Each structure stands twice: as structure tokens, then as C-alpha cells.
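Asker: The opening position of the sequence shown corresponds to residue 14 in the numbering used here, with each subsequent residue numbered one higher.
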Amino acid sequence: MSEKTNAVKQRNDRYNKYVNTVTPKTSLAKAMWHSFWIGGLTCVIGQGIGDIVKAIAPTMATDTVANITSMILVSVAILFTGLGFYDVIARQGGAGSFLPITGFANAMASASMEFKTEGLIFGTSAKLFTVVGPVVVNGVVWSTVAGLLNLWIMGM
14 MSEKTNAVKQ
24 RNDRYNKYVN
34 TVTPKTSLAK
44 AMWHSFWIGG
54 LTCVIGQGIG
64 DIVKAIAPTM
74 ATDTVANITS
84 MILVSVAILF
94 TGLGFYDVIA
104 RQGGAGSFLP
114 ITGFANAMAS
124 ASMEFKTEGL
134 IFGTSAKLFT
144 VVGPVVVNGV
154 VWSTVAGLLN
164 LWIMGM
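#1: Which residue wins for smallest C-alpha separation from V78, given the options S88, V66, V87?
#2: Return helix, strand or coil for G97, following the three-state DSSP convention.
#3: Anyone know if the C-beta pair for S110 and I51 falls short of 7 Å?
#4: If you drop the 5 nearest sequence neighbours on each side, which residues of the same chain put their C-beta closer than 8 Å to that of K17?
#5: For A70, which three-state DSSP category applies?
#6: Select from V89, I134, K129, E131 the residue whose C-alpha is nearest the C-alpha of I114.
Below, the structure written as C-alpha cells:
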């Protein structure tokens, strides 16, 4: 029994050594910096788009400006995904590239593109919702929990 255990331990040690040699070494500070500036730049660009929209139509409601800004950011993210630019940004930006709304758009577009060979309905359209579904369900569940907690706390 101990001979078998020793062989398994040696195999695991060899595997761990192999994993350590092929795993890219990253600097936490560098990764955090890239996430910060990529995410920040995305937000600055979004603010700039909103300011331009507001300058073009000064009487437009703030909610409408925010909706148009989101639509433009999502459209650009989908375009960048299709052209392959978003992957380059995501490799550098990490969490800074997928936490804004652009990351959600990228995830949806990537899922659609991956299965386009299965057809428009069962490939592109159906796979689009494999990403959207869990996000919507989580949003509904946790907003309901937050609403119930708010009612409970306010009722105290």
C-alpha cells in the first residue's frame, strides 16, 4: 500500500513541477495596474461619449443619454470582438476589460461567434443566451433578495 502511495506522490510531484514550468509568471501589481487603467479608460471613454451626446442634444434626459452611451459601448465592444481586438485588450486589461458593460458584450458576442457553424438559430442565437441567462437569473434573484432585505430593515 505504501509503495502505491509513494508512486502516486511521485507522479503528483512530477505533474506539479511540470505545471510550474509551463504556467506563465505574472506580477500581481502589474496585473492590477493594467486592470485599473484599462477599466478606467473604458469608463472615461463612456463618460466622453455621454458628454458628446449631451452636447449634441442638451435637452435630452440623463437616462436617455446613459442608455445611448451604453448602446454605443456595447456596439463597439461587439465590433472589437468580431475583429479580434477585444482579445488583445482583455489579455492586457484582465478584470478591467470584463467588469464594465463592454465585457458582458464581449462574452455574448464570443459565445455567438463560437457556435456560428451550427446555424443562425441553434448556433449564434441560442448560444448568445447561454451567457445572458445566468446573468439575468442572478440579477433577478439578488435584486429580489436585496429588496426583501430592504423591506425587512425598513420595517424594523
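Built from N, CA and C at the ideal position, the CB exists for glycine as well. Note that the coordinates shown come from a computational prediction; the quantities given were computed from them, not determined experimentally.
Answerer: Taking the coordinates as given:
#1: Residue numbering aside, residue 78 sits at position 65 when the sequence shown is read from its first letter. Closest option to V78, Cα to Cα, is V66.
#2: Counted from its first residue, the sequence shown places residue 97 at position 84. Looking at G97 - three-state DSSP - the assignment turns out to be coil, as it is neither helix nor strand.
#3: Position 97 of the sequence shown, counted from the start, is the residue given in the question as residue 110. Position 38 of the sequence shown, counted from the start, is the residue given in the question as residue 51. Yes.
#4: Residue numbering aside, residue 17 sits at position 4 when the sequence shown is read from its first letter. Taken in chain order, the list of residues that qualify is empty.
#5: Indexing the sequence shown from 1 puts residue 70 at position 57. In the structure shown, A70 sits in coil (DSSP, three-state: anything other than H, G, I, E or B).
#6: What you label residue 114 is simply residue 101 of the sequence shown in a count that begins at 1. Comparing Cα-Cα distances from I114 to each of V89, I134, K129, E131, the minimum goes to V89.
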